[in-house]
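K.L.:
In my numbering, the protein residues as written are 1113 to 1504. Beta carbons are placed, not taken as given, at the ideal position from N, Cα and C, and that holds for glycine. Quick caveat, the model's predicted, so the values are computed rather than measured.
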Ligand SMILES: *Cc1c(COP(=O)(O)O)cnc(C)c1O
């Protein structure tokens, strides 16, 4: 049976809200609508109880204490709060901040803002597979380094950083380690204490929860980790993030985290479906390039490939019933290859042909087979139309 169209394979951009999550959220709009900060009546009590239960669900996913979870509006805010918060709280100890060239813009642009404020930022180069070279971070850390920010899984090519090694190094040198864990939450365990992570950002909408809510894990214990808040107000969330809590969304994120934890057991199903996609494409078309790490070494839900002689934008137009994204960001009039592919040293030609597939919980083998067949057909057609392409 052919699959229902369109097919969604853009799960690095956002995910469908799991129907179980929607159902759990609904009563908190119309029945349990109290302000979680309200004392002295049951509406407030019940809202607060739900918020605290959700906090425990997120903490369980990260193997940490519920007291270490702060609610935010999403990972952009979590990343900002982590980076700005450490920079501002620790400026008297040093002003040197380190991150990696393949980070999400929410990290890189925040680093740029810190640079404008007078901090010194260092952006580490990566190797061809998006990983850090052995010793690169160790060589970069200075006595005045106060923060290292490195993501768990890359959102374009699925590179997985060695978090335990980074965490150990940061611990040894007394540097705060912030990790953007957004893309890893549904595909690998993130035991933050064991990994030596001090701060970790999550976003609900990348893990089958609602948009507009996220979390920041902030390690407790000694030495004390203090963050300067960005918002000033009622002193919610241990003074780190003022603002009335979005109770329905927080409830949704809590369940999303619980389902993500359960789902870790099924990651191999995702991986084999992703491998089926790659193997299918590799045997159906010539001139296929894999961008990023070897399949076995990248996030189980990621595939990023280029088809020799085919512009990704043209292919996207030809396969409108399949939702994927390209490795180019449309800026004004020009098509700029993504900063991630550039940082990995991938030439503009191949980068312009880059297609990113992000598999999700709801994809099926039938969808994958349809996608392979359709793309193989369209790639052949596009190449036949191209005066420059010669089949090898
Ligand atoms: C999506 C994403 C973000 C931003 O998260 P929002 O909740 O949409 O603000 C940050 N980092 C990574 C790696 C992402 O994929």
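DSSP three-state label for residue 1414, please.
P.N.:
Per DSSP, reduced to three states, the secondary structure at residue 1414 is strand.
K.L.:
Under the three-state reduction of DSSP, which class applies to residue 1303: helix, strand or coil?
P.N.:
coil
K.L.:
For residue 1387, which residues does DSSP report across the bridge?
P.N.:
According to DSSP, which records beta bridges pairwise, residue 1387 is partnered with nothing at all.
K.L.:
Classify residue 1487 as helix, strand or coil using the three-state DSSP reduction.
P.N.:
helix
K.L.:
Exposed or buried, which one is residue 1142 when buried takes at least 16 other CB atoms within 10 Å?
P.N.:
Exposed, because fewer than 16 other Cβ atoms sit within 10 Å of the Cβ of residue 1142.
K.L.:
Pick out whichever of 1489, 1168, 1397 has its Cα sitting closest to the Cα of residue 1327.
P.N.:
1168
K.L.:
When DSSP labels each residue in this structure, what does residue 1292 get in the three-state scheme?
P.N.:
strand
K.L.:
Can residue 1290 be considered in contact with ligand 1, in the sense that its beta carbon sits closer than 6 Å to one or more heavy atoms?
P.N.:
no
K.L.:
State the start and end residues of the unbroken beta strand (DSSP E) segment that holds residue 1330.
P.N.:
1326 to 1330
K.L.:
For residue 1276 versus residue 1307, is the C-beta spacing smaller than 7 Å?
P.N.:
For residue 1276 and residue 1307, yes; Cβs fall inside 7 Å.
K.L.:
Relative to the alpha-carbon of residue 1280, which residue among 1392, 1395, 1249 has its alpha-carbon at the smallest distance?
P.N.:
1249
K.L.:
Check whether the Cβ of residue 1184 sits closer than 6 Å to any heavy atom of ligand 1, and report yes or no.
P.N.:
no
K.L.:
I'd like the list of long-range same chain contacts for residue 1400, defined as Cβ closer than 7 Å, with 5 residues on each side in sequence excluded.
P.N.:
1393, 1394, 1417, 1419
K.L.:
Mapping DSSP to helix, strand and coil, what is residue 1123?
P.N.:
DSSP places residue 1123 outside both helix and strand once states are collapsed to three, so it counts as coil.
K.L.:
Taking residue 1321 as the reference, give the member of 1251, 1129, 1224, 1470 with the closest Cα.
P.N.:
Nearest C-alpha to residue 1321: 1129.
K.L.:
Tell me whether residue 1472, by its Cβ, gets closer than 6 Å to a heavy atom of ligand 1.
P.N.:
no
K.L.:
Heavy atom of ligand 1 less than 6 Å from the Cβ of residue 1271, yes or no?
P.N.:
no
K.L.:
Bridge partners for residue 1437 per DSSP, in chain order?
P.N.:
1468
K.L.:
Can you give the Cα-Cα distance for residue 1144 and residue 1464, rounded to whole angstroms?
P.N.:
Rounded to whole angstroms, the separation of the alpha carbons of residue 1464 and residue 1144 is 50 Å.
K.L.:
Can you give me the C-alpha to C-alpha distance between residue 1484 and residue 1476, rounded to a whole angstrom?
P.N.:
13 Å
K.L.:
Return helix, strand or coil for residue 1265, following the three-state DSSP convention.
P.N.:
strand
K.L.:
In three-state terms, what does DSSP make of residue 1093?
P.N.:
Here the chain has residues from 1113 to 1504 only, and residue 1093 is not among them.
K.L.:
When you compare each of 1202, 1230, 1295, 1235 to residue 1187 by their alpha carbons, which one comes out closest?
P.N.:
Ranking 1202, 1230, 1295, 1235 by Cα distance to residue 1187 puts 1295 first.
K.L.:
Hey, would you say the C-beta of residue 1187 is under 6 Å away from at least one heavy atom of ligand 3?
P.N.:
For ligand 3, the structure offers nothing, since it holds only ligand 1.
K.L.:
Classify residue 1140 as helix, strand or coil using the three-state DSSP reduction.
P.N.:
Residue 1140 carries a helical assignment under DSSP once its states are collapsed to helix, strand and coil.
K.L.:
For residue 1236, which residues from the same chain have a beta carbon less than 8 Å from its beta carbon, with the 5 sequence-adjacent residues on both sides left out?
P.N.:
1210, 1211, 1212, 1213, 1244, 1248, 1249, 1252
K.L.:
What residue does the alpha helix (DSSP H) around residue 1196 start on, and which one ends it?
P.N.:
1187 to 1202
K.L.:
Strictly by DSSP, which residues pair up with residue 1313?
P.N.:
1292, 1328
K.L.:
Between which two residues does the beta strand (DSSP E) holding residue 1234 run?
P.N.:
1232 to 1236
K.L.:
Verify whether the separation of the beta carbon atoms of residue 1259 and residue 1198 is less than 7 Å.
P.N.:
Their beta carbons are under 7 Å apart, which means residue 1259 touches residue 1198 by this criterion.
K.L.:
Using 7 Å as the threshold, is the C-beta distance between residue 1270 and residue 1411 below it?
P.N.:
yes
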